[in-house]
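Numbering (the numbering used here), first residue to last: 380 to 696.
Just so you know, even glycine gets a beta-carbon here, dropped at the ideal spot from N, CA and C.
Since the structure is predicted, the reported quantities are computational estimates derived from the model, not experimental observations.
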Amino acid sequence: MITGGPGMQSAHDVARVLGGAVKSGTGWLCRCPVPGHGKGRGDKSPSLAVADGEKGLVWKCWAGCSQEAVRDALESRGLLDERRGGGTAPRPLPASRTPLLVAGAEAEANRAAAYRIWQAAQPADETLVEAYLVSRGLVLPDCKAIRFAPSLKHPSGDHWPAMVAAVLVADGRFLGVHRTFLARDGSGKAPVSPAKMSLGPIAGSAVHLGPAADGMLVGEGIETTLAAMQIAGRPGWAALSTSGLKRLALPESVKAVTILMDADEPGEQAARAAAGRWTGEGRTVRIARPPSGCNDFNDALTGGNRMQREQVGLPNG
């Protein structure tokens, strides 16, 4: 608690009053109350870190507002009244807490930025997203996980159309987006590097291309997962990377799962690591391998490989 005066509140109370409160490490992230914040437009993405120090409230605005400006703004809101003997002098956050609060602030800022991209995107039906998927031998799934952004800025500085996928945890909470930058006619990926990028604290999450269900498929990429879904007639999730596959958390209701292994050493290691973890959780796990000569299941479709489900370990629909 804040010490030294009547009416003082905890860091949680202060964050709740200022709005946008998000737990961040050992403290809270909330909206900065400085009037001139954001060129006078206010703090739309919470950037003030507050925590309970040994001698009172400590704070830091990651958007650059000075300690004194934050103190004055807190006093004007009645949250820090030094005139009555309460509150604390402005001081930086303790070094031991700073990394945790920085990590929490960055994660929340990235999640918020990802959500803005998702909200601005539009349904993917009859857009370049559908054209791109057709070029890969795929059908746009009947789900709400994929949208179309007509123009997204790439780190190279150019703007490109993009396939935008929501990245969710097992219970459906939004954590970030995955962007596939597209050629302007939808015939393939944009000629930029990287053409695929994620944004947000997405560890342990996935793109839900279908509902969670027993016997569901889990792959790395969106395209390979969609391809296997078409072949097997099963719902699937895309974990987006080998590390994502290793760390993916499945709902407790899923008792059986098929892992779509990419045909390279990292892909095999990730599949076996995920299989070991999920087997240890009491689930029935099988690993499906793409046909010989194919890197993944989408290669099998685009290459015209007419493999049998049983040959590659895919379940029947």
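> Whole-angstrom Cβ separation of C411 and V449, contact assumed at under 8 angstroms?
Replying inline: For the purposes of this step, residue 411 is taken as the residue at position 32 of the sequence shown. For the purposes of this step, residue 449 is taken as the residue at position 70 of the sequence shown. With 8 angstroms as the limit, C411 and V449 qualify as a contact, their Cβ atoms being about 7 angstroms apart.
> Can you check whether the CB of S577 is closer than 8 angstroms to the CB of A488?
Replying inline: Here residue 488 refers to the residue found at position 109 of the sequence shown. Here residue 577 refers to the residue found at position 198 of the sequence shown. It is not a contact, given that the beta carbons lie outside the stated cut-off.
>> Tell me the residue span of the alpha helix (DSSP H) that contains W438.
In response: Reading the sequence shown from its first residue, position 59 is the one you call residue 438. Unbroken run through W438 is the beta strand (DSSP E), G435 to C440; no alpha helix (DSSP H).
> In this structure, does DSSP put D431 in helix, strand or coil?
Replying inline: Residue numbering aside, residue 431 sits at position 52 when the sequence shown is read from its first letter. Strand.
>> Beta-carbon within less than 6 angstroms of F560's beta-carbon, same chain only, minus the 5 sequence neighbours each way: which residues are those?
In response: Taking the first residue of the sequence shown as 1, we reach residue 560 at position 181. Answer for F560: H533, W539, A541, A569, V571 and A574, listed in chain order.
> How should G598 be labelled, buried or exposed, when 16 other C-beta atoms within 10 angstroms of its C-beta is the threshold for buried?
Replying inline: On the sequence shown, residue 598 is found 219 positions in, with the first residue counted as 1. With 16 or more other Cβ atoms within 10 Å, it is buried.
> Which one or two residues does DSSP pair with M576 in a beta bridge?
Replying inline: Along the sequence shown, read from residue 1 onward, the residue named residue 576 stands at position 197. The bridge partners DSSP lists for M576 are R558.
>> Considering just the uninterrupted stretch of the alpha helix (DSSP H) at V449, what are its terminal residues?
In response: Along the sequence shown, one-based indexing puts residue 449 at 70. It spans Q446 to S455 - the alpha helix (DSSP H) in which V449 sits, taken as one unbroken run.
> Among all the DSSP beta bridges, which residues are the ones paired with Q501?
Replying inline: Here the question's residue 501 lines up with position 122 in the sequence shown. Answer by DSSP bridge pairing, in chain order: F527.
> Cα separation between F527 and D451?
Replying inline: Here residue 527 refers to the residue found at position 148 when the sequence shown is read from its first residue. Here residue 451 refers to the residue found at position 72 when the sequence shown is read from its first residue. If I take the Cα positions, the gap works out to 44 angstroms.
> Does the separation of the CB atoms of L605 and P520 fall below 8 angstroms?
Replying inline: Counting from 1 along the sequence shown, the entry for residue 605 is found at position 226. Counting from 1 along the sequence shown, the entry for residue 520 is found at position 141. Yes.
> Among the residues of its own chain, which have a CB less than 8 angstroms from the CB of P614, if the five just before and after it don't count?
Replying inline: Working through the sequence shown from its first residue, we reach residue 614 at position 235. If you ignore the 5 residues before and after P614, its C-beta comes within less than 8 angstroms of the C-beta of L588, G589, P590, A591, A592, M595, L596 and M608, all in its own chain and listed in chain order.
> Taking the alpha-carbon positions, what's the N677 to S671 distance?
Replying inline: Position 298 of the sequence shown, counting from 1, holds the residue named residue 677. Position 292 of the sequence shown, counting from 1, holds the residue named residue 671. Spanning the two alpha carbons is a distance of roughly 13 angstroms.
>> Taking the beta carbon of K439 as the centre, do at least 16 other beta carbons fall within 10 Å, making it buried, or is it exposed?
In response: Your numbering for residue 439 matches position 60 in the sequence shown. K439 should be labelled buried.
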